[in-house]
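*Asks:*
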Amino acid sequence: MNVLNVIKSKSIWIICILSFLTAFSYNQTNLKHIPKEQVREHQTVITNDDISYLRPAKNYIENGNWKANSPGIQSYFIRTPGYGIFYMMCLKLSNASSALIFLKIIQHLLFAISVYWFYSTTHSLINNKTIAFISASIYGLTPIAIGFLSYTLTEGVTPALLLLYVFLLFKGYKKGSNHQKNTHYFLAALAFSSLLIIRPQLGFIGILLPIFLFKSFYKEGILKLVMKLVLFGSIAFSFMLIWQYRNYNITNKFVGLHSIYYADNNSIYRPTFKELWNLTGGWAQEGHVTHSYMVPMWSAAIKGDTAEHYVQAAINTFPKEVVDHFGEARLSTVFKGYQKATFHQKYYYDQELPMPNEIPKVELEVIEDFKQLTKEYKSNFWFQYHILSPLKVFKVMAFHSNLSLYMFQHTYRGNWSMELLRFLSFGLHSISFIALLIGLLLFKSNNWRMNTLWITTFIYVFYLCYFQRGIEERYTLPVLPILIIGVTVLLNQLRIRLRR
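Going from the sequence shown to our numbering is simple: count from 1 and add 57.
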């Protein structure tokens, strides 16, 4: 019996090892199928965003300045530095030629270890090792969660860090002595601080920390509880506060958590683009559709080409009721104003100069026009804006297979085994999001830890659906393991009820 118990306790680590091997095999095979121009140094997939994570780290090592290569003050804070610091550590521990493969291996190792954190958290919630083991095996061995491990994007580490944060909170609550509790909550606060400086949008998950602290220390008196909240809360936000203080010293103002649309940005991502994004988000136009006409329009206008067909291409993507309401002439006028504002940007763009810190009048007029359109859309299409559009975003976000690797979407598409895998992954991913809604309706008073996971995850998903709206598949990846844990909890509850 003792040998059998040892085998059972060690088997999850075998799954962790297998998770590393399978995830690495999937991603290495995928890299062989991707067009060579889309691969950086034969190691990672190139995206539009990743250079803004990598370049500041290289510049810091080379000349001591944490900044991107774009002109203007924005280059000092275009991205929060968490992922860049992670890459910088890889540069320091290896060398420039091998840093990417080192980073990629670490991301795969983090994922593999996170399978144990997944297992431990699930087991803590359902007290059934077999079911927790099966659930962790599905998460670790299937390709549903490994799509960004060979990318230099935050999603390469944030799912694992979020699981680590939750794992440490659960451990802190279960520990008997105050010393053990304090140690685990200290580490959890550090994990969250790292998560926040890597991906600020995940800040909603920070709600978990004060709830766990309250449940652990409220019996020891209000003063002690407040001291714990202040201490661990300060640690949890320490990295972000240091970053914001540094940025304030550079600009003499608060630049925000997401400064992509900062005033001196000399690219397509100007405040004008932000207001257009807000407008099209009203009817939940997908990001790739918006970019399909805005990138050609901006690229042409910055070269002096303000042809009418770029405007018409944009309007053609708008819903019929939107065009009918505003009129094609009015929409055309606003987009021509955008072309004019972009042409005004041409001088600075050609000279590789930052845009002025004070937004030019020609842009302010376009911004106001887009804002007015958005305001009118909210007023005249209230139900679509507040109800249907968020539901449309939820549909796009939830109902897909999450098999984002190139070989799944292109190379092996149509193969029967690939389609079977896609079908099973689609089912798991879809059920995970449906389970979130079911879990909120089936609160159990004795399962407060799962309830807090449901609530915080729902807040994050609601933020993506209602406020951000421009959804990409990778945005939900960090909370996917939490959702799968939720599915496991619900299925276990169903199993218990059926047995009764």
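Cβ atoms here follow ideal geometry from the backbone N, Cα and C, with glycine treated the same way.
Please read these numbers as outputs of a predicted model, since none were measured by experiment.
1. Around the Cβ of L88, are there at least 16 other Cβ atoms within 10 angstroms (buried) or fewer (exposed)?
2. In this structure, does DSSP put M58 in helix, strand or coil?
3. Which term fits Y404, buried or exposed, when burial requires 16 or more other beta carbons within 10 angstroms of its beta carbon?
4. For the pair the region 278-288 and the region 167-178, tell me if three or more CB-CB distances fall below 8 Å.
5. By Cβ distance below 8 Å, which residues in the same chain neighbour P267 in space, the five residues on each side in sequence not counted?
6. Span of the alpha helix (DSSP H) holding K281?
7. Using the Cα positions of W203 and K310, report the straight-line distance between them to the nearest angstrom.
8. Under three-state DSSP, which class holds V102?
9. Compare the C-alpha of W334 against each of T137, G141, Q525 and name the closest.
10. When you compare each of L388, F440, T211 to L259 by their alpha carbons, which one comes out closest?
11. Go through its chain and collect everything with a Cβ distance to F392's Cβ below 6 Å, but skip five positions before and after it.
12. With 16 as the cutoff for other CB atoms within 10 Å, does K149 come out buried or exposed?
13. I need the DSSP call for V368, collapsed to helix, strand or coil.
14. In the DSSP output, what is Y208 paired with across the bridge?
15. May I have the straight-line CA-CA distance separating F249 from H486, to the nearest angstrom?
16. Report the option in H457, W300, F243, N322 whose CA atom is closest to the CA atom of I292.
17. Whole angstroms are fine: how far does the CA of N116 sit from the CA of A558?
18. Apart from the five residues on each side of it in sequence, which residues of its chain come closer than 8 Å, Cβ to Cβ, to Y222?
19. For the alpha helix (DSSP H) holding Q402, just list the boundary residues, first then last.
20. How many Å lie between I188 and E94 at the Cα?
21. Rounded to the nearest angstrom, what separates Q429 and V419 at their Cα positions?
22. Go ahead and pull the three-state DSSP assignment for R97.
23. For F521, count neighbouring Cβ atoms within 10 angstroms of its own Cβ and tell me buried if that reaches 16, exposed if not.
24. Among Y523, P92, T79, L75, which residue has its Cα nearest to the Cα of T468?
25. Measuring only the C-alpha atoms, how far is C147 from Y442?
26. Could you tell me how far apart the beta carbons of I201 and N459 are, in whole angstroms, since I believe they sit closer than 8 Å?
27. Is it buried or exposed, W511, if we count other Cβ atoms within 10 angstroms and call 16 or more buried?
28. Following the continuous alpha helix (DSSP H) through L521, name the residue where it begins and the one where it ends.
29. Let me know if K161 comes out buried or exposed under the rule of 16 or more other beta-carbons within 10 Å of its beta-carbon.
30. Quick one: using the 10 Å Cβ neighbour count with 16 as the cut-off for buried, is Q408 buried or exposed?
31. Can you grab the Cα-Cα spacing for the pair I18 / V312, in whole Å?
32. Please report how far the alpha carbon of T79 lies from the alpha carbon of L198, in whole angstroms.
33. Roughly how many whole angstroms lie between the Cα atoms of I195 and E415?
34. Nearest to T363 by CA position, among G339, S349, S389, F383, is which residue?
35. Is it a yes or a no for the region 128-147 touching the region 294-306, going by three-plus beta-carbon pairs under 8 Å?
36. What is the DSSP secondary structure of A114, reduced to helix, strand or coil?
*Replies:* In short, the structure shows the following:
1. In the sequence shown, residue 88 corresponds to position 31, counting from 1. The C-beta of L88 has 16 or more other C-beta atoms within 10 Å across all chains shown, which makes the residue buried.
2. Within the sequence shown, numbered from 1, the residue matching residue 58 stands at position 1. Residue confidence is low: M58 scores 47 on pLDDT, short of 50, so the model does not pin down where it sits. Its coordinate-derived value is still stated next. Of the three classes helix, strand and coil, the one that applies to M58 here is coil, per DSSP.
3. Taking the first residue of the sequence shown as position 1, residue 404 is located at position 347. So Y404 counts as exposed.
4. Result no; under three Cβ-Cβ pairs closer than 8 Å.
5. On the sequence shown, position 210 is the one that residue 267 refers to. If we look at P267 and ignore the five residues flanking it on each side, its Cβ neighbours are L286, G290.
6. Along the sequence shown, read from residue 1 onward, the residue named residue 281 stands at position 224. Boundaries of the alpha helix (DSSP H) around K281: 279-293.
7. Position 146 of the sequence shown, counted from the start, is the residue given in the question as residue 203. Position 253 of the sequence shown, counted from the start, is the residue given in the question as residue 310. One point to set straight first is that residue 203 is Ile, not Trp, in the sequence displayed. Distance between I203 and K310, taken at the CA atoms: about 39 Å.
8. Start at 1 with the first residue of the sequence shown, and residue 102 comes out as number 45. Here V102 carries a strand assignment [DSSP, helix/strand/coil].
9. For this step, residue 334 is matched to residue 277 along the sequence shown. Nearest of T137, G141, Q525 to W334, Cα basis: Q525.
10. Against the sequence shown, residue 259 aligns to sequence position 202. Of the candidates L388, F440, T211, the one whose C-alpha sits nearest the C-alpha of L259 is T211.
11. Within the sequence shown, numbered from 1, the residue matching residue 392 stands at position 335. In its chain, beyond the 5 residues on either side, V368, A371 have a beta carbon closer than 6 Å to the beta carbon of F392.
12. As a first step, residue 149 must be located in the sequence shown, where it is residue number 92. Under this definition K149 is an exposed residue.
13. Walking along the sequence shown from the start, residue 368 turns up at place 311. DSSP places V368 in helix when its eight states are reduced to three.
14. For the purposes of this step, residue 208 is identified with residue 151 of the sequence shown, where counting begins at 1. DSSP lists V102 as partners of Y208.
15. On the sequence shown, residue 249 is found 192 positions in, with the first residue counted as 1. On the sequence shown, residue 486 is found 429 positions in, with the first residue counted as 1. So the two alpha carbons sit approximately 25 Å from each other.
16. For this step, residue 292 is matched to residue 235 along the sequence shown. For the residues H457, W300, F243, N322, the minimum Cα distance to I292 belongs to F243.
17. There is no way to answer for residue 558, as the model of the chain reaches only from 58 to 557.
18. Within the sequence shown, the letter at position 165 stands for residue 222. Sequence-distant Cβ neighbours of Y222 in its own chain, meaning closer than 8 Å and more than five residues away, are A245, A248, F249, L252, I262, L265.
19. Position 345 of the sequence shown holds residue 402. Where Q402 is concerned, the enclosing alpha helix (DSSP H) starts and stops at 385-407.
20. Here residue 188 refers to the residue found at position 131 of the sequence shown. Here residue 94 refers to the residue found at position 37 of the sequence shown. Approximately 43 Å between the Cα atoms of the pair.
21. Taking the first residue of the sequence shown as 1, we reach residue 429 at position 372. Taking the first residue of the sequence shown as 1, we reach residue 419 at position 362. Q429 and V419 have their C-alpha atoms roughly 16 Å apart.
22. Within the sequence shown, the letter at position 40 stands for residue 97. When secondary structure is reduced to three states using DSSP, R97 falls in the strand class.
23. Counted from its first residue, the sequence shown places residue 521 at position 464. The question names Phe, yet the displayed sequence has Leu at residue 521. L521 is buried by the Cβ-count criterion.
24. Numbered from 1 along the sequence shown, position 411 holds the residue referred to as residue 468. Nearest Cα to T468 within the set Y523, P92, T79, L75: P92.
25. Here residue 147 is taken as the residue at index 90 of the sequence shown, counted from 1. Here residue 442 is taken as the residue at index 385 of the sequence shown, counted from 1. Roughly 45 Å between the two C-alpha positions.
26. Taking the sequence shown and counting its residues from 1, the one referred to as residue 201 is at position 144. Taking the sequence shown and counting its residues from 1, the one referred to as residue 459 is at position 402. Contact flag correct, Cβ pair sits at about 5 Å.
27. Translated into the one-based positions of the sequence shown, residue 511 becomes position 454. Label assigned to W511: buried.
28. What you label residue 521 is simply residue 464 of the sequence shown in a count that begins at 1. It is not in any alpha helix (DSSP H) - L521 carries neither H nor E in the DSSP assignment.
29. By 1-based counting over the sequence shown, the position of residue 161 is 104. Classification of K161: buried, given that the 10 Å Cβ count is 16 or more.
30. As a position in the sequence shown, residue 408 is number 351, starting the count at 1. That one is exposed.
31. The structure shown has nothing for residue 18, since the chain only spans 58 to 557.
32. Position 22 of the sequence shown, counting from 1, holds the residue named residue 79. Position 141 of the sequence shown, counting from 1, holds the residue named residue 198. Taking C-alpha positions only, T79 is separated from L198 by approximately 6 Å.
33. Your numbering for residue 195 matches position 138 in the sequence shown. Your numbering for residue 415 matches position 358 in the sequence shown. Answer to the nearest angstrom: the Cα atoms are 53 Å apart.
34. Residue numbering aside, residue 363 sits at position 306 when the sequence shown is read from its first letter. The residue with the shortest Cα to Cα distance from T363 is S389.
35. With contact defined as three or more Cβ pairs closer than 8 Å, the region 128-147 and the region 294-306 are in contact.
36. Position 57 of the sequence shown, counting from 1, holds the residue named residue 114. In the structure shown, the three-state DSSP call for A114 is helix.
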